[in-house]
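*Asks:* I am attaching a structure below and will ask some questions about it afterwards.
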Amino acid sequence: MTPERIEQERKAFEAWMADLYPTNPQTERVGDEYSRLGTQYKWEGWQAKASQSEWISVEDRLPEIDESVLVCRNWRGKLVQCVDKIRLCYDREKPKEEQKRYGFMYSDITHWQPLPAPPEGD
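Under the working numbering, the residue at position 46 of the sequence shown is numbered 127, and the numbers go up by one with no gaps.
Listed below in structure tokens is the structure:
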């Protein structure tokens, strides 16, 4: 998730926790972690659930051209995940300057999501 999305999810999580424990605050933090282990576990579960919903339908929007993304496509009746880029696709019958179409190299792609940031360190 992007840092902005994490902050958005954190605000929603903390509001949910405040409703759940109105008389006993549970969301005190030490750095990026919650001081209560149970709250930290709940937060990690919340993040896992939120990150699962990051798939974007190709019906809603497409990624930027030449951006590598994780894609989900229907291949022989099975959903398959792989990394792909969106590329310009041209109709050979028309001059390129008249065309504004673009799409994925492979067909049957239904959803995509940005690639996660690589791990830090060695």
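For each residue, glycine too, the CB sits at the ideal point set by N, CA and C.
1) Let's see if you can read the secondary structure: which residues bound the alpha helix (DSSP H) around tryptophan 124?
2) Where do the ends of the beta strand (DSSP E) carrying glutamine 193 lie?
3) Can you tell me whether DSSP reads glutamate 114 as helix, strand or coil?
4) Using only the alpha-carbon positions, how far apart do glutamine 89 and serine 132 sit?
5) For isoleucine 137, tell me which candidate among Ala129, Leu151, Trp124, Thr108 has the shortest Cα-Cα distance.
6) Which of the three DSSP states, helix, strand or coil, is assigned to leucine 151?
7) Short check: CB of glutamine 107 to CB of threonine 120, under 8 Å?
*Replies:* So, from the data block:
1) Mapped onto the sequence shown, residue 124 falls at position 43. Run containing tryptophan 124: 118-133, per the alpha helix (DSSP H) assignment.
2) By 1-based counting over the sequence shown, the position of residue 193 is 112. Correcting the residue type first, residue 193 is tryptophan in the shown sequence and not glutamine. Where tryptophan 193 is concerned, the enclosing beta strand (DSSP E) stretches over 190-195.
3) Counting from 1 along the sequence shown, the entry for residue 114 is found at position 33. Looking at glutamate 114 - three-state DSSP - the assignment turns out to be strand.
4) Working through the sequence shown from its first residue, we reach residue 89 at position 8. Working through the sequence shown from its first residue, we reach residue 132 at position 51. Approximately 12 Å between the Cα atoms of the pair.
5) Indexing the sequence shown from 1 puts residue 137 at position 56. Answer by Cα proximity: Leu151.
6) On the sequence shown, residue 151 is found 70 positions in, with the first residue counted as 1. Strand at leucine 151.
7) Mapped onto the sequence shown, residue 107 falls at position 26. Mapped onto the sequence shown, residue 120 falls at position 39. Cβ distance < 8 Å, so glutamine 107 and threonine 120 count as in contact.
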